[in-house]
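Undergrad: Before we start, here is the structure in question, set down as structure tokens.
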């Protein structure tokens, strides 16, 4: 499958990134300030939100209108990640 090149929006302001983090139950100190939060798409627009390990562990949808807020920035989904950890947790296997 060829998804084509990714399109990327400008990074969110730090305040906007913290707003989305709060919408996921993530505290400000659990957001990675050294990495941009931005909408990236290869067909499906995702807000990429880099967080710490603790931020990843506590993240959950904490507000009912998250889809509306994402739509306002051109995203349909949100991807929360800890860039310092692998995709699969130790002790898990892929099928």
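In this note's numbering, the protein residues as written are 120 to 214. Ideal Cβ placement from N, Cα and C applies to all residues, glycine included.
1) Spatial neighbours of residue 156 within its chain, please: CB distance less than 6 angstroms, with the 5 preceding and 5 following residues excluded, ordered by chain position.
2) For residue 186, which of helix, strand or coil comes out of DSSP?
3) Can you give me the start and stop residues for the beta strand (DSSP E) that residue 199 sits inside?
4) Can you tell which of 192, 140 and 158 has its C-alpha closest to the C-alpha of residue 180?
5) Determine which residues share a DSSP beta bridge with residue 178 and list them.
TA: Considering the structure as presented:
1) For residue 156, same chain residues with a beta-carbon under 6 angstroms away, outside a window of 5 residues either side, are 131, 136 and 168 in chain order.
2) If DSSP states are grouped into helix, strand and coil, residue 186 belongs with the helices.
3) 196-200
4) 140
5) Note: residue 178 sits in no beta bridge, so no partner.
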